[in-house]
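In short: position in the sequence shown from 1, add 5, done, that's this note's numbering.
Inspection log for the structure reproduced underneath, given as structure tokens.
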Amino acid sequence: TVIGSSYSDGFYNLRLNIEKYYASAVIAEFAETFFAPETPDAEAFSLILNAVKDICYKENERLSLAIFLINALKISGYGIDGGECYACGEIIKGRVFYRFSDSSFSCENDRDENFSEIMPQTYNAFLKVLSGDGESVDTEDVTRLIKFLLYDLRYETETKLKSASAYLEFIS
């Protein structure tokens with residue numbers, strides 16, 4: 006039970022940087038679309054709040070958005086479980102393939118016609134962000150990762166986030 010509250014953060018920096026503003030809009034629209042407002046969810050609330058704080062106060066808002074998307078997709082039931090090949094279970098070296106219908110990666114040897122090739126840089130960025138080493142990922146690769154995650158979301162849910170379109174247009 007909440008017995009009181011006070012104003013502690015207005016996220017003022019979001020108003021000063023258009024990229025931060027757009028990134029936080031993607032988070033807000035994702036939350037409104039995929040998290041049920043009538044059912045309190047402490048994990049989702051914490052994820053949203055921490056992501057907006059990171060976007061507001063850290064310098065790498067793209068990385069903060071990528072981290073949010075990976076975790077938000079997972080808790081909303083659309084997550085990509087890991088980065089291993091679905092068939093052999095190995096971390097993929099060389100060409101990387103992805104099947105959007107079940108969110109699985111494949112190496113060149115185990116793929117079938119239902120897999121689409123993705124850039125190895127996108128795959129490697131996913132692995133690094135997933136492992137908590139996102140700070141070492143190049144900005145271009147984080148951008149590719151965000152595009153990939155938003156495309157995967159759109160493919161799985163047939164939902165287009167309007168703010169994501171504006172954000173992708175801005176960062177491209």
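Glycine is no exception: its CB is placed at the ideal position from the N, C-alpha and C atoms.
For residue i and residue j, which I take to be in contact (beta-carbon distance under 8 Å), what is that distance rounded to the nearest angstrom?
i	j	result
residue 35	residue 77	6 Å
residue 107	residue 92	The pair is not a contact, with the Cβ atoms about 12 Å apart (cut-off 8 Å).
Thinking just about the alpha-carbon of each residue, which of the options is nearest to the one in residue i?
i	options	result
residue 150	51, 44, 73	73
residue 145	176, 120, 47	176
residue 25	65, 107, 47	65
residue 51	38, 32, 67	32
residue 129	104, 164, 100, 93	100
residue 62	164, 21, 42	21
residue 60	93, 43, 30	30
residue 174	37, 23, 16, 19	23
residue 152	170, 139, 140, 142	170
residue 81	139, 44, 92, 109	44
residue 154	86, 16, 58, 54	86
residue 17	111, 110, 97, 58	58
residue 161	79, 49, 42, 15	79
Based on the DSSP secondary-structure assignment, which residues constitute the bridge partners of residue i?
i	result
residue 121	103
residue 96	89
residue 110	90, 103
So, using beta-carbon positions, are residue i and residue j closer together than 8 Å?
i	j	result
residue 172	residue 56	no
residue 132	residue 84	no
residue 148	residue 67	yes
residue 40	residue 46	yes
residue 123	residue 102	yes
residue 120	residue 157	no
Complete runs of the alpha helix (DSSP H) confined to the stretch 53 to 92 [at least 4 residues]: 66 to 80
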